[in-house]
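K.L.:
So the sequence shown is residues -21 to -1, 1 to 170, counted in mature numbering (1 follows the signal peptide of the UniProt record, and there is no 0). Where is the CB? At the ideal position from N, CA and C, for every residue including glycine.
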Amino acid sequence: MRAGMMAMVIPLAVLSQGAVPAGPSRERPSEPVLVLGTFAGYKPGQVAVTYDPKLVPAGAAVAVAHVPPGEGAGTGSVQLRVQGLQPGRKYGAHVHTNACGAKGEDAGPHYQHMRDPVTPSVDPKYANPRNEIWLDLATDAQGNGASRAVMEQGFRDRHPHSVVIHAEHTHTGPGHAGQAGPRLACVNVDF
């Protein structure tokens, strides 16, 4: 994606029909979705926000795709692709409960299928890639990277609203499980 390109939210069913909708809405939250964005500083309505332009430069591109699990059987997935980040670097990334805001903390905690009664969640029983959606990635020499998380279950009574990119790969040990350092960037996704 080129710098200055408009961010879009497109239901995947529409893409398969060869048309692009006029606006960024979709009919049902259980439909597949694709979000494309270009990182920039925060402003209301910004799809992709950078909080650390050194590690997630303004103008870098991002795509998030969500395919929910099928009715009754099958798995779903969330995919993250980035272009133009720092080359040869490891990043953590997770699905978060709230939309992006002026500060990284505005995105709230990690989405968890089974919620940890303790906040922040650092217990591996709750903070793990089966209960949360982890999208850690490493960039290549051009600053491009991708990751994919398989989902055995869909979002039921509540839906997350963003993907946050962190400064480190996600820790897994007790007392640090789920932690991945400062929040560098955020992408609004209406899962």
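Give the secondary structure of Ala117 by DSSP, where H, G and I count as helix, E and B as strand, and everything else as coil.
P.N.:
In the structure shown, Ala117 sits in a strand (DSSP, three-state: E or B).
K.L.:
Under three-state DSSP, which class holds Ala86?
P.N.:
helix
K.L.:
Going by Cα to Cα distance, which pick from Cys79, Ala37, Thr17 is closest to Pro139?
P.N.:
Cys79
K.L.:
Three-state secondary structure (DSSP) at Leu15?
P.N.:
strand
K.L.:
In terms of residue numbering, what span does the beta strand (DSSP E) encompassing Met93 cover?
P.N.:
Counted as a single uninterrupted DSSP element, the stretch harbouring Met93 is not any beta strand (DSSP E), since DSSP gives it neither H nor E.
K.L.:
Please classify Arg109 as buried or exposed, where buried requires at least 16 other C-beta atoms within 10 Å of its C-beta.
P.N.:
exposed
K.L.:
Could you check what DSSP says for Thr54 in three-state terms: helix, strand or coil?
P.N.:
coil
K.L.:
Whole angstroms are fine: how far does the CA of Ala40 sit from the CA of residue 232?
P.N.:
With the chain covering -21 to 170 only, the question about residue 232 has no answer from this structure.
K.L.:
Once the 5 residues before and after Gly133 are set aside, which same chain residues still bring their CB inside 8 Å of it?
P.N.:
Within the same chain, and ignoring the five residues on either side of Gly133 in sequence, the residues whose Cβ sits closer than 8 Å to its Cβ are Ser9, Pro47, Pro48, Gly55.
K.L.:
Go ahead and pull the three-state DSSP assignment for Ala(-15).
P.N.:
Interpretation of Ala(-15) is limited by its pLDDT of 43, a score under 50 that renders its predicted location unreliable; the figure taken from the coordinates is listed afterwards. Ala(-15) falls in the coil class under three-state DSSP.
K.L.:
Along the beta strand (DSSP E) that carries Lys69, what are the first and last residues, could you check?
P.N.:
69 to 75
K.L.:
Over what stretch of residues does the beta strand (DSSP E) that includes His45 continue unbroken?
P.N.:
40 to 46
K.L.:
Select from Asp136, Lys82, Gly152, Thr149 the residue whose C-alpha is nearest the C-alpha of Ala27.
P.N.:
Lys82
K.L.:
Is Pro88 buried or exposed, if buried means 16 or more other CB atoms sit within 10 Å of its CB?
P.N.:
buried
K.L.:
Beta carbon of Ile112, beta carbon of Val74: below 8 Å?
P.N.:
yes
K.L.:
Should Gln91 and Tyr105 be called a contact, given that it needs their Cβ atoms to be closer than 8 Å?
P.N.:
yes
K.L.:
To the nearest angstrom, how far is the alpha carbon of Gln121 from that of Val12?
P.N.:
27 Å
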